[in-house]
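A short write-up of the structure that comes next.
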Amino acid sequence: MSARKLLSLVFIRKQQEILLGLKKRGFGQGKWNGFGGKVEPNETILQGAIREVKEECGLNAMDLRKIGLLEFEFEGDPTALEVHVFETYKFNGDIAESDEMRPQWFDLKHIPYEKMWPDDEIWFPYMLRDEPFKGYFLYRGIDLIVKHRLERLDLTIKDTSKG
1 MSARKLLSLV FIRKQQEILL GLKKRGFGQG KWNGFGGKVE PNETILQGAI REVKEECGLN
61 AMDLRKIGLL EFEFEGDPTA LEVHVFETYK FNGDIAESDE MRPQWFDLKH IPYEKMWPDD
121 EIWFPYMLRD EPFKGYFLYR GIDLIVKHRL ERLDLTIKDT SKG
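Take the sequence shown: its position 80, counting from 1, is numbered 80 in the UniProt record's numbering, and each next residue is one higher.
In structure tokens:
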């Protein structure tokens, strides 16, 4: 891999629900996911995460907790994706659809895994149990996982990135 792209992924939670967004355009179109995206050069991962949530669903996310770190590679693409996964139960504002995402609350018992990235079904249980995790996924295309690793982290994940 010759390049890395730094990304955030944020999940807004209630006790028995999770807010997901249906991607309306671009990479991952048609899939349900959390909110997030590229970290801009002038911001920290956390600042980027908060900005993306606001842009994509209208909410102000607060007290984000880093729960995971995921690395994705796609066969034939020299850029690896480094995704910092956060969750929060603290937010305010009104949910609003954006040109990129259509937000919707889901009961934790009815998460639409069949309409999400295939890796979500593998690492979501860690997040839902509040267990920090680290994972790696190699994709062929956008629907086939060729190889993966996932481990539970016993320590709080430290943000060692620049910022």
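Every residue, glycine too, gets a C-beta built ideally from N, C-alpha and C.
Per DSSP, the bridge partner or partners of residue i
| i | result |
| --- | --- |
| ILE145 | TYR139 |
| ILE12 | LEU19, THR88 |
| TRP105 | LEU19 |
| GLU82 | LEU6, GLU71 |
| LEU150 | GLY135 |
| GLY37 | SER8 |
| ARG25 | DSSP, once it has assigned bridges, lists no residue as partnering ARG25. |
| LYS66 | PHE86 |
| ASN60 | ASN92 |
| MET116 | TRP32 |
Cut-off 7 Å between Cβ atoms - residues of its own chain near residue i, not counting five sequence neighbours on either side
| i | result |
| --- | --- |
| GLU40 | GLY48 |
| ARG149 | GLY135, TYR136 |
| GLU131 | ARG152 |
| ILE122 | HIS148, LEU150 |
| LYS54 | ASN60 |
Nearest-angstrom Cβ-Cβ length linking residue i and residue j, presumed shorter than 8 Å
| i | j | result |
| --- | --- | --- |
| ILE111 | ILE18 | 7 Å |
| GLU71 | LEU81 | 7 Å |
| GLY36 | LEU69 | Not quite, the Cβ-Cβ distance comes to about 13 Å (not below 8 Å), so this is no contact. |
| ASP143 | PRO118 | 6 Å |
| LYS115 | LYS31 | 6 Å |
| LYS90 | MET62 | 4 Å |
| HIS84 | ILE50 | About 12 Å; that fails the 8 Å criterion. |
| GLN29 | ASP107 | GLN29 to ASP107, Cβ: 24 Å. No contact. |
Own chain residues within Cβ distance below 8 Å of residue i, not counting five before or after
| i | result |
| --- | --- |
| ILE95 | LEU19, CYS57, GLY58, LEU59, PRO103 |
Close beta carbons around residue i, own chain, < 6 Å, minus the five adjacent residues each side
| i | result |
| --- | --- |
| ASN92 | ASN60 |
| LYS162 | Only weak support exists for where LYS162 lies, its pLDDT of 44 falling under 50; the coordinates are left without a value. |
| SER98 | GLU56 |
| GLU75 | ARG140 |
| residue 184 | This structure cannot speak to residue 184, because the chain is shown only from 1 to 163. |
| ARG129 | none |
| GLU73 | ALA80, LEU138 |
Checklist entry - With a cut-off of 8 Å, do at least 3 Cβ pairs link the segment 14-32 to the segment 90-109? => result yes
Checklist entry - Using 8 Å as the Cβ pair cut-off and three pairs as the minimum, do the segment 134-141 and the segment 53-61 touch? => result no
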